[in-house]
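Here the sequence shown stands for residues -18 to -1, 1 to 325, numbered as in mature numbering (1 follows the signal peptide of the UniProt record, and there is no 0). Cβ coordinates follow ideal geometry from the N, Cα and C atoms, glycine included. Right, one structure below, let's go through it.
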Amino acid sequence: MKHSFASLLLAAATSIFALVGCGENDSTPTPEADALVLHVGYENAVGEPFDQGCRKWQELVNKRSNGKMQLKLYPLSTLGSKSEIMDRMVAGEPVSTLTDGAFFYDRGIYDMGIVFGPFLFSNWEEANRLHHSAWYKDQAQKLEKQAHLKIVAANWRYGARHTLSTQPITQLEDFQGLRVRVPTNIIQIKGFEVLGAKPVPMPLDEVYNALKKGEIDAVENPLAVLYNGKFQEVAKYLLLDGHVHNVTNLVVGEAFWNSLTKEQQEILQSTCEEAGNYQNEMLSKAEDELLKQFEAAGVTITFPDELLRIQLKAASLKFYTLPEFSKWSPNLYETVNKAMHSE
């Protein structure tokens, strides 16, 4: 049964390849006739740390499987949007992408949305502990059973999210009325509202002109995204607040995962985690260089002082009791904090 389903998925993979083309990656060896091909799509550009991590994963899978398993990479959303790819995963297609708690929340695994809450984590160590805790493993099982998505690895750091603005932010009051561009999900919208800001959901490709025209005052994202968007040309104040430590997950569909042999599953999982560690090293090096580039572009970089950190943490606590998140388990904030500090 597993062999026949895998054959069907391989046929689907061939169809995807014919429809989408070879993407942006030309380094994949020509797969053998019976090779299993997994198509990995993501928004990041070629050369960004996440893309480098995917190329490492591609290399490791090919080596560990002796060419019997291949990854085909599709940067710059050439395989489709994140939501489209996730829908195709659920339908059983051999595709993969990166995603996180905000999207899992939208898929009905509500408790997982808390990992994107404001100032939940003080550092990467706390974020890593939570993503490898018994609580998170339990949530991952619910994701698989209820949303039909399988987490392959949960150790890839997408980056700490910071705030780039057209005016200085040095105290909590500076967030009052600040028009901050956010992605179109309720968690990030409410996360800035509790700080007193006025979040403005909009596509990322509209942000530059909105900042330039004064339609918004700020944008939040990891450093690489902020810099690659050239937002430093029109916003000159960078607050390294780290309001979210964004650990991302590499996911595939449950049906695809269950079609694999135990050996194939182990190869995908172990190589993905190894590639995640590699990506994290690339990200750390890239962020050090990016800060120098922001400074060279005339951006004033500010680290929140102790008072501001305390104020931000205190203000963010309101987020975790908002009625909008009534579907969360009772005392979820306390449960998560216990998990991240006791594992």
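{"Asked": "Residue span of the beta strand (DSSP E) that contains Tyr92, given as start and end", "Found": "Where Tyr92 is concerned, there is no enclosing beta strand (DSSP E), given that its DSSP letter is neither H nor E."}
{"Asked": "Under 7 Å between C-beta atoms of Gly280 and Lys218", "Found": "yes"}
{"Asked": "Distance between beta carbons of Leu131 and Gly235, contact taken as under 8 Å", "Found": "7 Å"}
{"Asked": "Lys54 in three-state terms, based on DSSP", "Found": "strand"}
{"Asked": "Cut-off 7 Å between Cβ atoms - residues of its own chain near Ile91, not counting five sequence neighbours on either side", "Found": "Gln121, Lys124, Leu125, Gln128 and Ala129"}
{"Asked": "Status (buried if at least 16 other CB within 10 Å, exposed otherwise) for Glu107", "Found": "exposed"}
{"Asked": "Reduced DSSP category for Thr81 - H, G, I as helix; E, B as strand; rest coil", "Found": "strand"}
{"Asked": "Cβ contact check for the segment 256 to 265 and the segment 30 to 44: 3 or more pairs under 8 Å", "Found": "yes"}
{"Asked": "Nearest-angstrom Cα separation, counted from Val22 out to Glu75", "Found": "11 Å"}
{"Asked": "Cross-strand partners of Arg143 (DSSP beta bridge)", "Found": "Val226"}
{"Asked": "First and last residue of the uninterrupted alpha helix (DSSP H) at Glu188", "Found": "Per DSSP, Glu188 belongs to no alpha helix (DSSP H) and is neither H nor E."}
{"Asked": "6 Å CB neighbourhood of Asp270 in its chain, flanking five on each side removed", "Found": "none"}
{"Asked": "Pick from Glu255, Trp310 and Leu273 that is closest to Leu146, judged by C-alpha positions", "Found": "Leu273"}
{"Asked": "Uninterrupted alpha helix (DSSP H) stretches inside the segment 93 to 175 (no shorter than 4 residues)", "Found": "106 to 113, 116 to 124 and 168 to 175"}
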